[in-house]
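Have a look at the structure below, then the notes.
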Amino acid sequence: MNIFKREMKANRKSLIIWSIGVIFMVASGMGKYSSLEGAGGQSMNALMADMPKSLQAIMGTGSLDLSTPIGYYGVLFLYLAVMAAIHAAMLGSNIISKEERDKTIEFLLVKPISRTRMMTSKLVAALVNIVIFNLVTFASSVGLVQKFADGEEVIGDISMLMGGMFILQLIFLVIGTAIAAFFKNAKKATSLATGILLFLFIISIAIDMNEKLDGLKYFTPFKYFDAKLMLKEGGFEPLYLGLSAIVFVGLTIVTYTFYRKRDMNI
Amino acid sequence: MNVIEIKNLTKMYGKARGIEDVSFSVEEGEIFGFIGPNGAGKSTTIRTLLSLIYPTSGSATIFGKDIITAAPEIKKEIGYLPSEVFYYDNMKVMDLLKYSASFYKKDCTKRIRELADIMELDLTKKIDDLSLGNKKKVGIVQGLLHEPKLIILDEPTSGLDPLMQQKFFDLLEKENKKGATILFSSHILSEVQRLCDRVAIIKDGRIVTVEKISTLKENTYKKFKIETNSTIEKDLFKLDGVNQLEQDGSTISFLFRGNINAIMRKIAEIEIANLWIEEPNLEEIFMHYYEKEE
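Chains as they are written, first to last, in the UniProt record's numbering: chain F, 1 to 266; chain X, 1 to 294.
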């Protein structure tokens, strides 16, 4: 309990900054929708359709209907998801590796707690942090999308997208913790975690650009919860849910196993 | 009863040596010195005992329990002061100490105040703003606040001024009288000599000897220097156990190990002007052990 409290306090400031960032992101993104709406949404759709496919992929539009608020939000969602993933990966690697980086591990592990318990407290604290981040994104999204929706029901769709984002956050959180648990070099853990994230994101864009790469879609979690797919199908693809579960459980096991067995770097 | 028992403990960092085949035990209630130069493996041994790192081979027990499988339980009764103290910089001293205390299931507030009083530590300051010596004081309070049965100190005096060192030693002696066992690692021999009952000497990752401080001194030579009124034949002192016999005018000096009566009888035979018999200090004994190994 004490480690949990300590971590909540230590991460409070960063969580507030990230929350403000995501609110700003949603607000400025949806702000652009209002100007788009004024210009007539359909013309925007037509304009996007004329663009080369690679450009569409980078913008994340694809088959989304930009004339509806939720369709437009679907484009924005990609960037919210990337932001949430960066937050989760950095949080995950940092919450573990900072003790070695700051050499406070010699203080912490001499206390009467096992490494497993310490890890659990930290994971729970990180989990609460990403839940808060998710809820902030959810609340600001619902608030702002509804403003443009003219009474249309959007909470359901946004809840679904946020559900996908949460699973994405979980995956990147454990990618972060697994890297920090596996590698002895605490200073490199966070940059490695964000590097992997960037790589996976670029793959997901590349898949959108080039149909030949479609087979790679199982290797990047960003493809698991694609707004285009979720909004069209109205739910999650069971295969991707299964893959997410395997990755999450696998990396959680990696986190615990390696952290318990390896020498602390002091 | 042995509080610490180390059996053939070896720790390799890849191919690099950490410690090799280290064995010794620390009895309940004693102050045990652990001496050796920098890089000899003192910290490696201690960190292995605390399961911060794991041994390559060999085993050790503390309070009769295995250091790896029973680690969390053992640590309830261990107080540890690392050679360099690192804490969460943005915390206040009191918050850090309370955080530290929260891991032990007892109320330590009174003890924190007591210790901070003795060590003259300001509890309201931020860790970030503390000098090296003051951080060390935080470490001392932090290591002793739960009244541990075993206190492990890794070069504890670096950064402390002599006055504080004195207070710290008094504090340790008090804890020892109350029943705490102390493992004291250092490369400064005088402090070990002052405080410890027994010592283990470690060199290049191996234990050279484990000895009572008193035996360590007994078993070694004494330094003799004799000044005579008239020049005498130095061969008079060519006895068993005499070493480095030197003559400089009317003074003769040598090292002697053995029954001191034999020497005293020889000295009684001659007319002397002055006589010095010196105990070698631990420093010299220590060097002796080191040179012997090379």
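Cβ coordinates follow ideal geometry from the N, Cα and C atoms, glycine included.
- Can you name, in chain order, every residue of its own chain whose Cβ lies under 8 Å from the Cβ of residue 303/X, other than the five neighbours on each side? In the structure displayed, chain X extends from 1 to 294; residue 303/X sits before or after that span and is not available.
- So, is S230/X buried or exposed, given that buried needs 16 or more other C-beta atoms within 10 angstroms? The residue you call residue 230/X lines up with position 230 of the second sequence. S230/X should be labelled exposed.
- Message: Just to make sure I have the definition right: I need the residues of chain B whose C-beta is within less than 9 Å of the C-beta of E106/F. Which are they?
- Response: No chain B appears in this structure, whose protein chains are F and X.
- Under the rule that 16 or more other beta-carbon atoms within 10 Å means buried, what is E293/X, buried or exposed? Within the second sequence, residue 293/X is the residue found at index 293, counting from 1. Any answer about E293/X is weak, because its pLDDT of 48 lies below 50 and its placement is not dependable; what the coordinates show is given next. By the Cβ-count criterion, E293/X is exposed, with fewer than 16 other Cβ atoms from all chains shown falling within 10 Å of its own Cβ.
- Tell me whether N90/X is buried or exposed, calling it buried when 16 or more other Cβ atoms sit within 10 Å of its Cβ. Working through the second sequence from its first residue, we reach residue 90/X at position 90. That one is exposed.
- Query: Hey, would you say R260/F sits closer than 8 Å to R117/F, going by beta carbons?
  - Reply: By 1-based counting over the first sequence, the position of residue 260/F is 260. By 1-based counting over the first sequence, the position of residue 117/F is 117. Contact: no.
- Is A189/F near S121/F, with beta carbons less than 8 Å apart? As a first step, residue 189/F is located in the first sequence; it is residue number 189 there, counting from the start. As a first step, residue 121/F is located in the first sequence; it is residue number 121 there, counting from the start. Contact flag unset, no.
- Taking the continuous alpha helix (DSSP H) assigned at residue 296/X, which residues delimit it? Nothing in the structure corresponds to residue 296/X, since chain X is present only between 1 and 294.
- Task: With L145/X as the anchor, note down where its alpha helix (DSSP H) starts and where it stops.
- Result: Position 145 of the second sequence, counted from the first residue, corresponds to residue 145/X. L145/X -> no alpha helix (DSSP H), and no H or E assigned at all.
- Query: DSSP three-state call for I228/F: helix, strand or coil?
  - Reply: In the first sequence, counting from the first residue as 1, residue 228/F sits at position 228. The question names Ile, but residue 228/F in the sequence shown is Lys. Helix, per DSSP.
- Query: So, is E269/X buried or exposed, given that buried needs 16 or more other C-beta atoms within 10 angstroms?
  - Reply: Here residue 269/X refers to the residue found at position 269 of the second sequence. It counts as exposed.
- Query: According to the Cβ coordinates, are A227/F and L36/F closer than 8 Å?
  - Reply: Within the first sequence, the letter at position 227 stands for residue 227/F. Within the first sequence, the letter at position 36 stands for residue 36/F. Against a cut-off of 8 Å, the Cβ pair of L36/F and A227/F comes out as no contact.
- Message: Mapping the DSSP letters down to three states, classify G79/X as helix, strand or coil.
- Response: Here residue 79/X refers to the residue found at position 79 when the second sequence is read from its first residue. Note: G79/X maps to strand in three-state DSSP.
- Please name the residue, chosen from A116/X, M94/X, K137/X, I252/X, that lies closest to K126/X on a Cα-to-Cα basis. Here residue 126/X refers to the residue found at position 126 of the second sequence. K126/X has its Cα closest to that of M94/X, out of A116/X, M94/X, K137/X, I252/X.
- Kindly list the residues whose CB is nearer than 6 Å to the CB of S177/F, restricted to its own chain and excluding five residues on each side of it in sequence; keep chain order. Sequence index remark: in the first sequence, residue 177/F carries index 177 (1-based). Reading off the sequence, residue 177/F comes out as Thr, not Ser. Result list for T177/F: G92, I96, T255, in chain order.
- Local Cβ density within 10 Å of P238/F, reported as buried at 16 or more and exposed below that: Along the first sequence, one-based indexing puts residue 238/F at 238. Exposed, by the Cβ-count rule.
- Would residue 283/F pass as a contact of A149/F if the rule is Cβ separation under 8 Å? Past the edges of chain F, shown from 1 to 266, lies residue 283/F, and the structure says nothing about it.
- Query: Looking at chain F, which residues of the segment 95-106 of chain X have a Cβ within less than 8 Å of any of its Cβ atoms?
  - Reply: Y99, S100, S102, F103, Y104
- Give the C-beta separation of V3/X and L150/X to the nearest angstrom, bearing in mind that I take them to be a contact with Cβ-Cβ under 8 Å. Position 3 of the second sequence, counted from the first residue, corresponds to residue 3/X. Position 150 of the second sequence, counted from the first residue, corresponds to residue 150/X. Contact flag correct, Cβ pair sits at about 6 Å.
- Identify the contact partners of A71/X in chain F, using a Cβ-Cβ distance below 8 Å as the criterion. Looking up residue 71/X in the second sequence gives position 71. Neighbours of A71/X on chain F, chain order: S114.
- Give the C-beta separation of K225/X and T209/X to the nearest angstrom, bearing in mind that I take them to be a contact with Cβ-Cβ under 8 Å. Position 225 of the second sequence, counting from 1, holds the residue named residue 225/X. Position 209 of the second sequence, counting from 1, holds the residue named residue 209/X. Taking a contact as a CB-CB distance under 8 Å, the pair K225/X and T209/X does not count as one, their CB atoms being some 28 Å apart.
- Query: With DSSP run on the structure shown, which of helix, strand or coil describes T61/X?
  - Reply: To locate residue 61/X, count along the second sequence from 1; it is residue 61. If DSSP states are grouped into helix, strand and coil, T61/X belongs with the strands.
- Message: Against chain F, with Cβ distances strictly below 8 Å, would K75/X count as a contact?
- Response: If you number the second sequence from 1, residue 75/X lands on position 75. So, interface residue.
- Using the beta-carbon of each residue, which ones in chain X are nearer than 7 Å to M264/F? The count along the first sequence starts at 1 and reaches residue 264/F at position 264. Under a criterion of Cβ atoms nearer than 7 Å, the residues of chain X adjacent to M264/F are, in order, L52, I53.
- Message: Considering only the alpha carbon of each residue, which of E7/F, L251/F, I113/F lies closest to V124/F?
- Response: As a working note, residue 124/F is residue 124 in the first sequence. Considering only alpha carbons, the answer is E7/F.
- Query: In terms of residue numbering, what span does the beta strand (DSSP E) encompassing F24/X cover?
  - Reply: On the second sequence, position 24 is the one that residue 24/X refers to. Per DSSP, F24/X belongs to the beta strand (DSSP E) from 16-27.
- If you measure from the beta carbon of E294/X to each beta carbon in chain F, is any gap under 8 Å? Here residue 294/X is taken as the residue at index 294 of the second sequence, counted from 1. No answer about E294/X holds up, because its pLDDT of 44 lies below 50 and its placement is not dependable.
- Message: Let me make sure I understand the geometry here. Which of K75/X, M12/X, P156/X has the alpha-carbon closest to that of L108/F?
- Response: Here residue 108/F refers to the residue found at position 108 when the first sequence is read from its first residue. Of the candidates K75/X, M12/X, P156/X, the one whose C-alpha sits nearest the C-alpha of L108/F is K75/X.
- Task: Would you identify the three-state DSSP class for L198/F, choosing helix, strand or coil?
- Result: Walking along the first sequence from the start, residue 198/F turns up at place 198. L198/F: helix per DSSP, three-state reduction.
- Backbone secondary structure at E294/X - three-state DSSP: Reading the second sequence from its first residue, position 294 is the one you call residue 294/X. With a pLDDT of only 44 at E294/X, under the threshold of 50, the placement of this residue in the model should not be trusted, and no figure is reported.
- Message: Please report the straight-line C-alpha distance between I46/X and Y224/F, rounded to a whole angstrom.
- Response: For the purposes of this step, residue 46/X is taken as residue 46 along the second sequence, with counting starting at 1. For the purposes of this step, residue 224/F is taken as residue 224 along the first sequence, with counting starting at 1. Their Cα atoms are separated by approximately 48 Å.
- Message: Under DSSP, the alpha helix (DSSP H) around T45/X begins and ends at which residues?
- Response: In the second sequence, the residue the question calls residue 45/X occupies position 45. Element bounds for T45/X: 42-49.
- C-beta neighbour in chain X for R12/F, strict 8 Å: Residue numbering aside, residue 12/F sits at position 12 when the first sequence is read from its first letter. False, the Cβ-Cβ gap to chain X never drops below 8 Å.
- Name the chain X residues whose beta carbon is nearer than 7 Å to that of L15/F? Position 15 of the first sequence holds residue 15/F. The contacting residues do not exist; L15/F stays about 16 Å from chain X at best.
- 7 Å Cβ cut-off: residues of chain X touching R6/F: The residue labelled residue 6/F in the question sits at position 6 within the first sequence. Correct list: Y99.
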